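Numbering (the numbering used here), first residue to last: 12 to 152.
In structure tokens form, the structure reads like this:
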């Protein structure tokens with residue numbers, strides 16, 4: 012059973028490994044240090060099963076979410092999204108924003124399953140020139 016907790020410095024190595032195994036353009040280490048308040052990990056018996064990074068501003072911004080390949084399809088991503096959405100609501104923001112690669116059908120479907128809707132396409136968003144979908148979810152109630 013995974014538990015969600017704050018991201019700690021000791022998690023960085025495992026989080027970086029998950030990021031490298033999950034993304035075409037993995038985040039550099041210093042990016043993970045920019046969002047200490049909105050960073051959480053799913054932990055299973057001392058192992059990082061996944062992580063989510065969010066930022067509070069005018070809206071809650073889902074910066075990054077990834078699950079260790081060994082823990083995929085076990086509800087870890089759902090637990091992480093539920094946690095970050097609760098964090099956003101408790102912080103008083105009214106909507107959550109996410110961006111997903113145009114060709115990341117699994118990621119888009121995953122976000123849609125939580126009520127995110129595609130509102131526009133952002134041209135050439137990623138370093139490799141791929142477009143991104145801007146997705147928004149209202150956080151009423």
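C-beta: ideal position from N, C-alpha, C; glycine also.
None of these values were measured; they are calculated from a predicted model.
From the options, residue whose alpha carbon lies closest to that of residue i
i: residue 118; options: 75, 24, 46; result: 75
i: residue 51; options: 106, 114, 41, 94; result: 94
i: residue 35; options: 140, 103, 146, 45; result: 140
i: residue 53; options: 101, 131, 16, 151; result: 16
i: residue 79; options: 110, 91, 48, 68; result: 91
i: residue 112; options: 23, 39, 46, 122; result: 122
i: residue 24; options: 14, 61, 67, 147; result: 61
i: residue 29; options: 14, 81, 126; result: 81
i: residue 72; options: 89, 12, 39, 127; result: 127
i: residue 13; options: 134, 83, 45, 49; result: 83
i: residue 55; options: 116, 132, 85; result: 85
i: residue 98; options: 137, 132, 70; result: 70
i: residue 45; options: 134, 65, 102, 145; result: 65
i: residue 102; options: 67, 89, 87; result: 67
i: residue 33; options: 77, 120, 87; result: 77
Run of the alpha helix (DSSP H) containing residue i, from where it starts to where it stops
i: residue 123; result: 116–123
i: residue 128; result: Premise fails: residue 128 lies in the beta strand (DSSP E), 128–133, not in any alpha helix (DSSP H).
i: residue 55; result: Not the alpha helix (DSSP H): residue 55 falls in the beta strand (DSSP E), residues 50–55.
i: residue 139; result: Neither: residue 139 is in no alpha helix (DSSP H) and is coded neither H nor E.
i: residue 43; result: 40–43
DSSP bridge partner residues for residue i (one or two, in chain order)
i: residue 65; result: 73
i: residue 59; result: 54
i: residue 20; result: Answer by DSSP bridge pairing: none, since residue 20 is not bridged.
First through last residue of the beta strand (DSSP E) which encompasses residue i
i: residue 29; result: First-last for residue 29: 23–33, but that is the alpha helix (DSSP H), not the beta strand (DSSP E).
i: residue 143; result: 143–149
i: residue 14; result: 14–17
Cβ-Cβ separation, residue j to residue i (assumed contact under 8 Å), whole Å
i: residue 43; j: residue 59; result: In fact, because the Cβ distance is near 12 Å, the residues do not count as touching under 8 Å.
i: residue 131; j: residue 150; result: Wrong, their Cβ atoms sit about 19 Å apart, outside the cutoff.
i: residue 134; j: residue 106; result: Going by Cβ atoms, the distance from residue 134 to residue 106 rounds to 23 Å, so no, they are not a contact pair.
**Request:** Note down, one range per segment and in chain order, each beta strand (DSSP E) of at least 3 residues found wholly within the segment 70–105.
**Result:** 71–78
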